[in-house]
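> There's a structure below that I have some questions on.
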Amino acid sequence: MIKKVICVVALISTAVACNNKPKENPIVQKDNTIEKTDFIFPQGEKGSPDFFTGNAYNYGLVPMDSTYTTLVGNVYFEPGARSNWHTHPGGQILIITDGIGYHQIEGQPVEVMHKGDVVKCPPNVRHWHGASKDSDLQQMYIVPNTEKGIVEWMEAVTDEQYNNVKN
């Protein structure tokens, strides 16, 4: 299984290295100024408000299949956006490709994530992740062992939980 994950990560790394011109997407700020953010991948489809607070966009990279039993994609979170609490039956790996964000495993302190960080979410453990209040976040996600299931969505993360960041 580890060999499969390593192969998928190596394949994605090679594809990213070959992409010498990142896509530019304008982001309209609250004060109506425009800031350009370079994306490694297209922004993707807006996530459902049933599963996200704020604006989050998902772009699939490697579809689930029975050979690799791994799902890979990219999520772009606008500032303040976050996922609901959720679990993954097979676990999840996050690779932060840009921005600053938060991640929390239930019962543990909120952690700050930065570009280049790798976060492992163990199987069947409640957690959430998203952008910080003042920065957007891009994360590549890897969901291994998809034969066990993909995700179990739960309730929204409260503002109190989200704002409980210890710097």
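Residues -17 to -1, 1 to 150 (mature numbering (1 follows the signal peptide of the UniProt record, and there is no 0)) are what the sequence shown spells out, left to right.
Cβ coordinates follow ideal geometry from the N, Cα and C atoms, glycine included.
On a predicted model such as this, the values are computed, not experimentally measured, just so you know.
1. Give the C-beta separation of E138 and W68 to the nearest angstrom, bearing in mind that I take them to be a contact with Cβ-Cβ under 8 Å.
2. Can you list, in chain order, the residues of its chain with a C-beta nearer than 7 Å to that of W136? Leave out the 5 residues immediately preceding and following it.
3. Compute the Euclidean distance between the alpha carbons of C104 and Q122, then round it to the nearest angstrom.
4. Determine whether the beta carbon atoms of W111 and V148 lie at a separation below 9 Å.
5. Check whether the region 22 to 29 touches the region 38 to 58, taking contact to mean three or more Cβ pairs, one atom from each stretch, closer than 8 Å.
6. Do you know whose CA, among Y124, N146, I23, G63, lies nearest G74's CA?
7. Closer than 7 Å by C-beta to T129: which residues in its own chain qualify, once you throw out the five before and the five after it? Chain order, please.
8. For V94, which three-state DSSP category applies?
9. Would you say G132 touches the ligand PLP, meaning its beta carbon is less than 8 Å from a heavy atom?
10. Give the single residue among P106, Y145, P92 whose Cα lies nearest to the Cα of K131.
11. Which residue from Y145, P127, V134 puts its Cα closest to that of S49?
So, from the data block:
1. 6 Å
2. F34, N67, H69
3. Distance between C104 and Q122, taken at the CA atoms: about 13 Å.
4. Going by C-beta atoms, W111 is not nearer than 9 Å to V148.
5. yes
6. Closest by C-alpha distance to G74, out of Y124, N146, I23, G63, is Y124.
7. M47, T52, T53, L54, G73
8. According to the sequence shown, residue 94 is Glu rather than Val. Three-state DSSP puts E94 in a strand.
9. The ligand content of the structure shown is nil, which means the ligand PLP is not present either.
10. P106
11. P127
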